[in-house]
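Report on the following structure.
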């Protein structure tokens, strides 16, 4: 489409970058400095959206000084970027209808949380949040996590490392320390469901040490993964082909689209849906309230009557609301033959409480049982269906701040922001005895999650190679297929090299999803053997996988 323009900012020459109209290739590890420089350039040129800032933002005057007198020229020099090219990108983004898409390269860079903060400031300064043609708040059936305010003293923090949860989730990078702690309140037991921390999380060696010290490790899984092998108990789960399931991050706009995936084959053996396993565990632990027989009867009779009876029960038993998914699973779930399907029914029945206007906008008549109508619609349409529709013109109403404004100043980020200066960053990018930067993990057509055990699925040869720029390979005297020793602060591995134009000089790339044990053999290199658990974001402990200082030695160098 000649009327559209694709601009990519990426240290790597990615598949998307190859198709871009403009590819800015900053020095790896300088994304925060680049974003701060870009904002400074826009403000110094007077390209900011003053009306948007005045109407929809709060605290701009408290952050403006971070950028007004920032040294743009020095920032671009450290980033290794052409000033004219960046200026044109800044002008386009600030003055034309534009939207931004970011991913793991930003989230797992060495300044993870700062990158996200600067991204939000950039969008706000240019009036690109919640506006047509800009970045929007998509609708959803269920948020991916609750709001957990780290400023609230009631918010629980990890015992050893003191991290607060983000949207209800604690960072995996701190879990080994929480297990290995000497404190009495340390983590002693763990349930792992649909995950393989011994390959998917940073610092495999420390994770193995920690998991061996657990009093109880239970894994709910489809395959006998590395984590399952180390567990005291393995509870077999059904595969995606054998159960009702769904994804809650469709991120469509303005329509809210949802699909319930139905089973396409009969389950084998003793495998159960994960929801059924958790329900049985809760029941066996004796934590569920007594369920009146009338609820079982109504579930068999009519879902409308069941809903009314359930509301009466919850009104009389206030504490029962905490266990609602289990109660519905034990009653309606039996009738439907699926704890997952009954959980979806429950979500849809509660959906109108916060999305009634959006549901009506999609063409559904308001009624106490509109959730039941949505449930029937999804069952009748296995391909999925529109269940609600967001307002395109009033998207900013999705803001949950008390004043319905974007709060630009975050006190906890101020000191860190002042560190993002060209001279400081230039010095911190010097990695001493680790002259290369490893991009630990990257999506390729031949990478998959670790549920894919049999290596025969992967016909690409060679597989799991270290991508290296031709210039670096020539300097080190490395030929195609040669093996090198790749070392980080965490560990070292031996891996074959593949010469590629994806990484720039000084950067190497190793895919994730390998190092799996199958048939007694290890296939490929486990990249998380090279990532240290303490190499993480200072506020959220996000693993900094896209910037891992490393050293490369040819096999004859030692």
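Numbering (the working numbering), first residue to last: 14 to 571.
Each residue gets a CB set at the ideal place from its N, CA and C atoms; glycine is no exception.
From a predicted model like this one, the values you see are computed outputs, not experimental measurements.
Inspect the beta-carbon positions of residue 180 and residue 168 and report whether they are closer than 8 Å. no
Return the chain-ordered list of same chain residues with a C-beta closer than 6 Å to the C-beta of residue 374, the five sequence neighbours on each side being excluded. 402
Nearest-angstrom Cα distance between residue 529 and residue 212? 8 Å
Let's test the definition: count the other Cβ atoms within 10 Å of the Cβ of residue 571 and tell me whether it reaches 16, buried, or not, exposed. Here the model assigns residue 571 a pLDDT of 45, short of 50, so the residue's position is not dependable and the matter cannot be decided.
Using three-state DSSP, classify residue 549 as helix, strand or coil. strand
When the Cα of residue 232 is compared with those of 214, 146 and 203, which residue comes out closest? 203
For a quick check, are the C-beta atoms of residue 191 and residue 163 less than 8 Å apart? no
If I follow the unbroken beta strand (DSSP E) through residue 481, where does it start and stop? 479-481
Sufficient close CB pairs (3 or more, under 8 Å) joining the segment 528-548 to the segment 467-486: yes
Here's the rule I'm using: 16 or more other beta-carbon atoms within 10 Å means buried, otherwise exposed. How should residue 277 be labelled? exposed
DSSP-derived helix/strand/coil call for residue 564: strand
Run through the DSSP bridge pairs and tell me what residue 206 is partnered with. 233
Measuring straight from C-alpha to C-alpha, what distance separates residue 431 and residue 248? 50 Å
On a Cα-Cα basis, can you pick out the residue from 53, 103 and 95 that is closest to residue 83? 53
Assuming residue 508 and residue 481 form a contact by the criterion Cβ under 8 Å, report the distance between their Cβ atoms to the nearest whole angstrom. Incorrect: roughly 10 Å between the Cβ atoms, too far for contact.
Contact under 8 Å by Cβ, residue 463 with residue 186: no
Any 3 or more C-beta pairs closer than 8 Å across the segment 486-497 and the segment 250-265: no
How is the beta strand (DSSP E) around residue 82 delimited, first residue to last? Where residue 82 is concerned, there is no enclosing beta strand (DSSP E), given that its DSSP letter is neither H nor E.
Nearest to residue 515 (by Cα), restricted to the options 560, 30, 503 and 21: 30
Exposed or buried, which one is residue 79 when buried takes at least 16 other CB atoms within 10 Å? buried
Once DSSP output is grouped into helix, strand and coil, what is the label at residue 201? coil
Starting from residue 520, trace the beta strand (DSSP E) in both directions and tell me its first and last residue. 520-523
Just the Cα atoms here: how many angstroms apart are residue 199 and residue 518? 44 Å
Within 8 Å, strictly: CB atoms of residue 32 and residue 19: yes
Can you find the residues in the same chain that come closer than 8 Å, C-beta to C-beta, to residue 98, ignoring five residues on each side of it along the sequence? 35 and 37
In the DSSP assignment, find the unbroken alpha helix (DSSP H) run with residue 341 in it and report its ends. 337-349
Go ahead and pull the three-state DSSP assignment for residue 106. helix
Can you find the residues in the same chain that come closer than 8 Å, C-beta to C-beta, to residue 496, ignoring five residues on each side of it along the sequence? 507, 508, 509, 510 and 568
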